[in-house]
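Enquirer: Residue 1 is where the sequence shown starts when you use full-length UniProt numbering, and the numbers rise one by one after that.
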Amino acid sequence: MLRPCNLIPKYLTDKIKNAAYLPTSEAKAAAATAANAIPSKSGGTQGMRAVRASKSALSSLSFSTFGDSSCGDDDGRGNSSSTPRGQYMLHHDNKLTSSGTSTFLKTSKSCEGRLVARTIPKRYGEYDCHKPATRIDPTASIASLVEWQKEHKISDGIEDTDGGAGCLRPEEESSLSEDEDEVVVLDLYLLRKSFLDEEADNNQTSSQRELRVQALIGSYDLSRNMSSHARISTEDSTSISTEVSGTKGDGSFSDNIFHFHMNRSSKELMSRTLRRLELSATRKLQSLHPLPNGKKSDRGKEANLALINKVTSSKLILLDDELSNEVEESGDDCDGCNCSEVDLTGLSSSDILRSISSIGGCKRWGVALTVPAMILPWIINRDQGVDGGEDVNDSTSDSADESACSSVNFNALETVFIKITSNPPTVLEVQTFENFTAQNFVGVPIVVETTIIYATRAIVSWFVDGNVVAHDSKSYIPAVKDIGKSVSILITPVRPEHNGEGCQEAYEFVNAVEPLPLMPILKLREGWSRVDVVERDDGNNLRVLTYNILADLYAGRQLDQQLMYSHCDMKDLMRSRRMPMIIAEILSYKADIICLQEVDASIHDSLISPVLRTKGYQGFYSNKVTSQQEGCSMFWSTSVFEMARAEDMQEFPLRSLLTKDAPLDESEYFNAKSTVRDLVELERWESMNGIRQLLEAHDEVRRVYSESVGQILQVVRLSPKQSTPSEQSCSSKPDSIVVANTHLFYHPMAGHIRLLQAFAVCHKLDQIRRTDPESPAPLLICGDFNSDPLSGAIRLVTNRSVLPQENDCWKHLNIYTWECGDSDYMMDHGFIGNYDPDDTLSCCIEEDFVDAHCDEASIMESMSSDDSIDEICPPAVVLPSCFPTLVSGCLNLPSFTNYATDFVETLDYVFASEPSVQEPFGFRPKGEAPMPSEELVKQYVAMPNKAMPSDHVALVCDFEWVKKEQ
């Protein structure tokens, strides 16, 4: 992710170009005229960007007020400065130039400064404190990468301009919202000059000196990050302080560096921001050196601060180009520089920083901070700050402290030149599964993603035991030769004209590479897992995978003070181990379509989606309509299907598909060309009327179906890739197919609820697939139906009807309630949800139990009989002839897909539509991957276990694209 600098709209360039060379008042008027030329409604997002850009241009033109006698120096205190100023104008190419005279600025010999300023979204205001705790010093990684690049003659293709801050091109749009509130993050560093120069020879160049500065600042920031995670203690540090620097205006001090951090509003005037920075920083410095005699008196401190505030000042300056270079080359031999002060009147902090960062050559910009010499660190003969050069006598009284304070010579001032680095390439966030603490298995990809700002991309380099193994890649797959070795990464954010030097970050994974744990399922399915897609696919086959991966939300759930999966060691249930094993299994099948259930939202975002994207999959996640962060994920191979559009990916809460507000939409099945025969064949979904009558008459069914459960239906329309236009005419592949993924309600007594859900799914899919009534798209339906093969839901899908006489499906219709049975008993056994009485949202009521493995008899015994219950007759549920015939992807029905200690059943299915005379395109099942035997699972008692990471078995089916001849 990146965020471009503000740019002037192209159609304003000519007007602003001419305005740049006009006198100040005329320049402002011309720029205002150009901005007014923007239409009031300029067309959506692009128009708004143009308006914002024009405002930025107008703000930047305010620089041209220099030299105007009516314009005072707004320093935040109402004082006017008599410092001579040059005149500055913003040219059309975003270059500030000087046409006035410069003044000589004498600077401190004891210390120099750096101010790193970033304008970032407010939600990332504390970004540096939230980096993973495994951050390490990047120096060794940088050196190793440089040697590797030299050896392999590899270049990143990024122009090295000595740290310039180049503009981002307009097409490099940011995925960070441009309308977000922003903050200015300021990090002030004071550096001891003698430390920077003590080991340098006389021929040290400015770039070499800058590297030493970056190394010192980088080491300090690293120790600050580590201490914030309690990784080290303060006594472990020698020359670098490990005191945590706060984000509201705190600082820390060590032998060689002083740091101060502060966040300010981006809308605040720059003059006020600088004033707040100088006051807060000097207050911190003064607290480190309260009095020359070392006494700490509150009254003396207040007196000190009052005097310090009167003499402290800061101003934004622009160095003279030629003399600036001389200063950089000379180091301490030159104690001053030529500069011109910049007028900040009316300009916000973000305006200034973005203008500076877009100019390039940021080393020309700085802040001149003038403070009493006595409070600066590393001052030689600090006592010279006292009148007469005599030490102040020790005293234990407040009056002595105040006397000492009054004797301090605050007129002995020093000016520290603080070089500004504005909006450098920055890594805001680093995301990887389990924050670098997951187990790393051979053959399982490790993926690192970044959120960056003021950079076009982040180059990620991978190291194994310090040696480069991959460069400029978001992922790395550990090999057998890596077993027992550590893995680390180096992240370099770059942009045109900035090679990322000084902005790199390095991280090390906690666990060394391990062999993949024994997984019998992979051995059993070796013929299915190792065959390459190209070898097995003649262009007419389709592989589909459906897998309930057991959400981490449920893996550690307790039942009656005991783990639900007590047969399994707790370490084998940890998601840092289970999820990489599941990824290894999923990737081994090389499926064209992947449907997953019970997916934790965080695991989808940090592991499943990043890994599958690197393998050429596109997909999306849908959370249940509950408070639980768990749902379904669906992916498809972009080598088999075209990239899907956002509107092609849909999700529907099942509770909404049978309500009164859900239209029947029979009319959309017909068009103006429909004949009477068509209308007869495309009969209405008449069962919908009977179902809605049931929901109106049966309060409990309506409450459970429409208010309590939160299952979701995922749907995507995919377009298969056709080899050539000539082959498309005779291809057995349709223009598009509709794929669905769902996870039905769990309760063992709620077979009638699952039947209604299955009917709702079929009805909605039939609507979606008929966007072209003359050519309905074939269907693929995957999921955990929580229903055995003889249940009502599965009979509806395979036999097309479930009648009222079929008592097995409807037998609990007038018995089951959401609070079924004794509440305490049901809660103890996980049969009711995680209802929070303080939560007023009914949509947050959801079952906390996953599958239907429960003792139904015990529930029936615990229920009190009620003869007064009025029995309501169930409706006939029938699929109309317009809905295609569905066939299972399994030629042989599995004996089980879910194996628990007290429940073994087939619950997972893949269904596909067969071709017909009316709908020539469809699928023909070719077979399914071998299923494990009950004896194999019993070796580990039940699932999950150390060799089987889920309580379900992945169902993998191969289909053949079929076109029926008319």
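Using N, Cα and C, we set each Cβ at its ideal position, and we do this for glycine too. These numbers come from a predicted model, not from an experiment.
If you follow the beta strand (DSSP E) that Glu449 is in, where does it begin and where does it stop?
Expert: Note, Glu449: beta strand (DSSP E), Glu449 to Ile453.
Enquirer: Let me confirm a value: Gly751 is counted as buried when at least 16 other C-beta atoms fall within 10 Å, else exposed. Which label applies?
Expert: With 16 or more Cβ atoms within 10 Å of its Cβ, Gly751 is classed as buried.
Enquirer: Just curious, the beta strand (DSSP E) that Ser633 is in, first and last residue?
Expert: Unbroken beta strand (DSSP E) run through Ser633: Glu630 to Ser637.
Enquirer: Of the residues Ile483, Tyr220 and Cys762, which one's Cα is nearest the Cα of Pro138?
Expert: Minimum Cα distance to Pro138 is reached at Tyr220.
Enquirer: Under 8 Å between the Cβ atoms of Asp572 and Asn898?
Expert: The answer is no: Cβ separation not under 8 Å.
Enquirer: Could you pull the start and end residues of the alpha helix (DSSP H) that Pro925 belongs to?
Expert: It is not in any alpha helix (DSSP H) - Pro925 instead sits in the beta strand (DSSP E) that spans Phe921 to Glu928.
Enquirer: Taking the Cβ atom as the reference point for each residue, do Asn623 and Ala601 lie within a distance shorter than 8 Å?
Expert: A contact, by the Cβ cut-off of 8 Å.
Enquirer: Does the Cβ-Cβ distance between Glu414 and Val371 come in under 8 Å?
Expert: Yes.
Enquirer: Between which two residues does the alpha helix (DSSP H) harbouring Ala584 extend?
Expert: Counting along the chain, the alpha helix (DSSP H) containing Ala584 begins and ends at Arg575 to Tyr589.
Enquirer: Tell me which residue opens and which closes the alpha helix (DSSP H) that Gln693 is part of.
Expert: Per DSSP, Gln693 belongs to the alpha helix (DSSP H) from Ser687 to Ala697.
Enquirer: Check for me: the alpha helix (DSSP H) holding Ser723 runs from which residue to which?
Expert: Counting along the chain, Ser723 falls outside any alpha helix (DSSP H), and DSSP gives it neither H nor E.
Enquirer: Starting from the N-terminal side, write out each stretch of the alpha helix (DSSP H) that is 4 residues or longer and does not extend beyond the region 758 to 798.
Expert: The qualifying runs do not exist here; there are none.
Enquirer: State the Cα-Cα distance for the pair residue 976 and Arg684, rounded to the nearest angstrom.
Expert: Since the first residue shown for the chain is 1 and the last is 966, residue 976 is missing from the structure and cannot be characterised.
Enquirer: From which residue to which residue does the alpha helix (DSSP H) around Thr614 run?
Expert: Start and end: Ser609 to Thr614.
Enquirer: Any chance the region 448 to 466 sits against the region 579 to 592, with 3 or more Cβ pairs inside 8 Å?
Expert: Counting Cβ pairs under 8 Å, fewer than three are found: no touch.
Enquirer: On a CA-only basis, which of Gly336, Ser731, Pro776 and Arg703 is nearest residue 1005? Give me that one, please.
Expert: Missing from the structure shown is residue 1005; the chain here goes from 1 to 966 and no further.
Enquirer: Where does Asp539 sit, in a helix, a strand or coil, going by DSSP?
Expert: For the record, residue 539 in the displayed sequence is Gly; it is not Asp. Gly539 falls in the coil class under three-state DSSP.
Enquirer: Which class does Asn467 belong to by DSSP, given the choice of helix, strand or coil?
Expert: If DSSP states are grouped into helix, strand and coil, Asn467 belongs with the strands.
Enquirer: Give the straight-line distance between the Cα atoms of Ser736 and Gly218, rounded to the nearest whole angstrom.
Expert: So the two alpha carbons sit approximately 53 Å from each other.
Enquirer: Under the assumption that Ile549 contacts Leu596 (Cβ atoms under 8 Å), give the Cβ distance between them as a whole number of angstroms.
Expert: Going by Cβ atoms, the distance from Ile549 to Leu596 rounds to 6 Å, so yes, they are a contact pair.
Enquirer: Below 8 Å on the Cβ atoms is my contact criterion, and I expect Pro734 with Phe921 to pass it. Report the Cβ-Cβ distance as a whole number of Å.
Expert: So it is a contact: roughly 4 Å between Cβ atoms.
Enquirer: Taking the alpha carbon of Ser950 as the reference point, which residue from Tyr554, Gly502, Ser194 and Ile420 has its own alpha carbon closest?
Expert: The residue with the shortest Cα to Cα distance from Ser950 is Tyr554.
Enquirer: Alpha helix (DSSP H) containing Trp148: first to last residue?
Expert: Its alpha helix (DSSP H) spans residues Thr139 to His152.
Enquirer: Can you tell me whether Trp810 is helix, strand or coil according to DSSP?
Expert: Note: Trp810 maps to helix in three-state DSSP.
Enquirer: Near Thr492, what residues of its chain come up, given a Cβ to Cβ distance below 6 Å and the 5 sequence neighbours on each side ignored?
Expert: The answer, listed in chain order, is Ile459, Gly500 and Gln504.
Enquirer: Just tell me which of Asn467, Met262, Lys721 and Ser422 has its CA closest to the CA of Leu542.
Expert: Minimum Cα distance to Leu542 is reached at Lys721.
Enquirer: Could you please give me the residues that DSSP links to residue 979 through a beta bridge?
Expert: Since the first residue shown for the chain is 1 and the last is 966, residue 979 is missing from the structure and cannot be characterised.
Enquirer: To which residues of the same chain is Asn309 closer than 8 Å at the C-beta, ignoring the five residues directly before and after it?
Expert: Once the five neighbours on either side are set aside, the close Cβ partners of Asn309 are Leu279 and Thr282.
Enquirer: Would you grab the beta carbon distance between Lys485 and Phe652 for me? Rounded to a whole angstrom, and I think it's under 8 Å.
Expert: Wrong, their Cβ atoms sit about 47 Å apart, outside the cutoff.
Enquirer: Going by other Cβ atoms of all chains shown within 10 Å of its Cβ, with 16 needed for buried, is His261 buried or exposed?
Expert: His261 should be labelled buried.
Enquirer: I think Leu718 touches Trp636, with their Cβ atoms under 8 Å apart; what is that distance to the nearest whole Å?
Expert: About 6 Å separates the two Cβ atoms, so the contact holds.
Enquirer: Assign Ile317 to one of three DSSP states: helix, strand, or coil.
Expert: Three-state DSSP puts Ile317 in a strand.
Enquirer: Under 8 Å Cβ to Cβ from Ser348, same chain only, skipping five residues before and after it: list those, please.
Expert: Here the set comprises Ser59, Ser266, Lys267, Glu268, Leu269 and Met270.
Enquirer: For Val213, which three-state DSSP category applies?
Expert: Reduced to three states, the DSSP call for Val213 is helix.
Enquirer: Would you call the region 890 to 907 and the region 775 to 792 touching, i.e. three or more CB-CB distances under 8 Å?
Expert: Result yes; three or more Cβ-Cβ pairs closer than 8 Å.
Enquirer: Between which two residues does the beta strand (DSSP E) carrying Gly619 extend?
Expert: It spans Tyr617 to Asn623 - the beta strand (DSSP E) in which Gly619 sits, taken as one unbroken run.
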